[in-house]
Amino acid sequence: MAEDPEKRVWEHDDVASVSSNLKMRDGIILMPQPSDDPTDPLNWSWFRKHAAMFTISYLALICYVAVTTLVTGTVPLAESLGVSKSTAVYLGNTPVALYAVAPWLWSPLSHFVGRRPVLLLCNAIAMVGAVVVMTSKTYAACIVGRVILGAGGSAFWTLGPASIGDMFFRHEKGKKIGISTLAIVVSPFLGTIIGGPIIENKSLGWRASQWIPLICMGAGFIMQIFFLPETIYIREAGNTSVMEAKNPTLWARYGIHIPKRREEKQHSFLFIATRPFVLFKYPAVMLSAFWFGIAYMMHVGITAEIPLVFEAQYNFSVLDVGLTGFSGLIGALVGEAYAGPTIDVITKRRMAQGDEWRPEYRLQAIWPALIAVPGGLIMFGASLQFGHAWITPLVGQAIYIFGIEVATTVM
């Protein structure tokens, strides 16, 4: 298995002799070890950490809500832009492709200029995309706006969990990152729940499904300025020396700080961008990523499929289609209620026993997902093809999304 950035700093037989020199909390040795620098994100106050975490999770949610509010209006959107329903579906799917591609730019870029400027820039890009969509008169202009919206919003999915990981200790990350992944998984369903009533309202229409989230993204931009400082902190391994405690200036707290590493630790942009490919040689990474990619791909398909199928097969209105999002929302909430706490229990148990830490230990929490994901998909698809009740596929969707939420948090 690849070396974890938080790899153990002691041998099992030497835990007793070393632990006295390491900082602890509630009987657990803190990993990574915090410095005595008050600007170290690990030393931030409870409020400052959770305000930053909430801001990241909020923007991860609202940027994708802006993507999915439009999905429920696939049929009226097709009529408005003069294209077929099958063509209009791409307006819902295209931003998702950018969520897969754009992080290859944002993640390496954050390594050089910091997470804060990249996240501020990407929020601005997402807002520009929403403006282009809501003012578009043609299908081509609308698709361009959707590409811009997806490119900007993707940063909060790729850098959000990383930023949260910068602020919290290993034994806390399960629940904390789980909150961010919950925002990621529920956003498509919250978007449909919100989008249905907006588009159904004659005085609002499909364009309002973009300017309303745009206002929310603008509020998030203000939140970023005041509540989301730079979270990257360069600390040398084992160096927790006491530094002079002083109150940092307002600029020091919320300004732009380019991460500075030692010369021998500097790498090129290309090296950072291609580094994840090295992990493909490890089965625990490759198999997990491949399985999860296939499983989550179905999530995108279901989101795009429901408006067309439920309107044609069950005579659902746009508002009715929006309300189908509640099934996925329930599944995601139940999934996170299991996943985050379970990962933390596994982590604390291993650390309390002094075991050598390996990140793949978290995979022990994924078993329910291996059953719920295929089971829910089969129930969803079979009930659409052979059943007659609309509730059955929605139950299947809830089971499937329960598994997706578990898998997302674990991965």
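Here numbering that gives the first Met the number 0 is used: the first residue of the sequence shown is 0, the next is one more, and so on.
For each residue, glycine too, the CB sits at the ideal point set by N, CA and C.
From residue i to residue j, what distance separates their C-alpha atoms?
i: Val241; j: Leu41; result: Confidence is the limiting factor: at Val241 the pLDDT is only 45, short of 50, which leaves the residue's position unreliable, though a coordinate-based value still follows. Whole-angstrom Cα-Cα distance: 15 Å.
i: Ala15; j: Gln352; result: The predicted position of Ala15 is uncertain, since its pLDDT is 44 and thus under 50; no value can be drawn from it.
i: Gly395; j: Gly321; result: 17 Å
i: Arg349; j: Glu78; result: 57 Å
i: Ser186; j: Gly375; result: 19 Å
i: Ser44; j: Leu108; result: 28 Å
i: Glu359; j: Ala294; result: 19 Å
i: Pro275; j: Ala96; result: 19 Å
i: Ser106; j: Ala272; result: 8 Å
i: Ala336; j: Val100; result: 30 Å
i: Tyr89; j: Val82; result: 11 Å
i: Val284; j: Tyr98; result: 20 Å
i: Asp354; j: Val344; result: 14 Å
i: Ala288; j: Pro282; result: 10 Å
i: Gly128; j: Phe270; result: 30 Å
i: Asn314; j: Ile377; result: 23 Å
i: Lys48; j: Pro247; result: 16 Å
i: Leu332; j: Gln384; result: 28 Å
i: Phe379; j: Ile301; result: 9 Å
i: Ser135; j: Pro116; result: 29 Å
i: Ala123; j: Ala388; result: 43 Å
i: Phe46; j: Gly254; result: 19 Å
i: Lys172; j: Leu369; result: 22 Å
i: Lys201; j: Gly72; result: 12 Å
i: Ser56; j: Arg252; result: 20 Å
Is the distance from the Cβ of residue i to the Cβ of residue j below 7 Å?
i: Gly152; j: Ser179; result: no
i: Gly330; j: Phe401; result: yes
i: His256; j: Gly113; result: yes
i: Ile163; j: Lys175; result: yes
i: Ala338; j: Leu227; result: no
i: Glu229; j: Val317; result: no
i: Pro102; j: Thr38; result: no
i: Ile61; j: Gly219; result: yes
i: Ile221; j: Pro258; result: no
i: Ala28; j: Leu21; result: Checking the sequence shown, residue 28 turns out to be Ile, not Ala. The answer is yes: Cβ separation under 7 Å.
i: Gln223; j: Thr346; result: no
i: Ala59; j: Ala182; result: yes
i: Ile193; j: His298; result: no
i: Ser382; j: Pro373; result: no
i: Met296; j: Met216; result: no
i: Phe188; j: Gly324; result: yes
i: Val184; j: Thr407; result: yes
i: Leu80; j: Tyr138; result: yes
i: Ala154; j: Cys121; result: yes
i: Ala371; j: Ile390; result: no
i: Ile197; j: Ala207; result: yes
Considering only residues of the same chain and omitting the five flanking positions on each side of residue i, which have a CB-CB separation below 7 Å?
i: Val417; result: An answer regarding residue 417 cannot be provided, because it is not within the stretch 0 to 410 covered by the chain.
i: Ile414; result: Any answer about residue 414 is impossible in this case: the structure gives the chain only from 0 up to 410.
Report the partner residues of residue i according to the DSSP bridge assignment.
i: Arg426; result: Given a span of 0 to 410 for the chain in the structure shown, any question on residue 426 remains unanswerable.
Quick one: residues in its chain with C-beta nearer than 6 Å to the C-beta of residue i, no 5 flanking neighbours on either side, listed in chain order?
i: Gly190; result: Val64, Thr67, Thr68
i: Gly91; result: Val70, Ala303
i: Val409; result: Arg361, Ala364, Ile365
i: Leu76; result: Ala87, Trp205
i: Pro367; result: Val405
i: Gly327; result: Phe188, Gln396, Ile400
i: Phe268; result: Pro107
Within its chain, find whatever has a CB closer than 8 Å to the CB of residue i; leave out the 5 residues flanking it on each side and keep chain order.
i: Val74; result: Lys84, Ala87, Pro306, Leu307, Glu310, Val317
i: Arg260; result: Ile233
i: Leu119; result: Phe220, Gln223, Ile224
Is residue i near the ligand SAM, in the sense that its beta carbon is under 6 Å from a heavy atom of that ligand?
i: Ser109; result: With respect to small molecules bound, the structure shown includes none, and the ligand SAM cannot be examined in it.
Open item on the list: Could you check whether the segment 159-170 touches the segment 33-51, counting it as contact only if at least three pairs of C-beta atoms, one from each stretch, sit closer than 8 Å?
Closed with: yes
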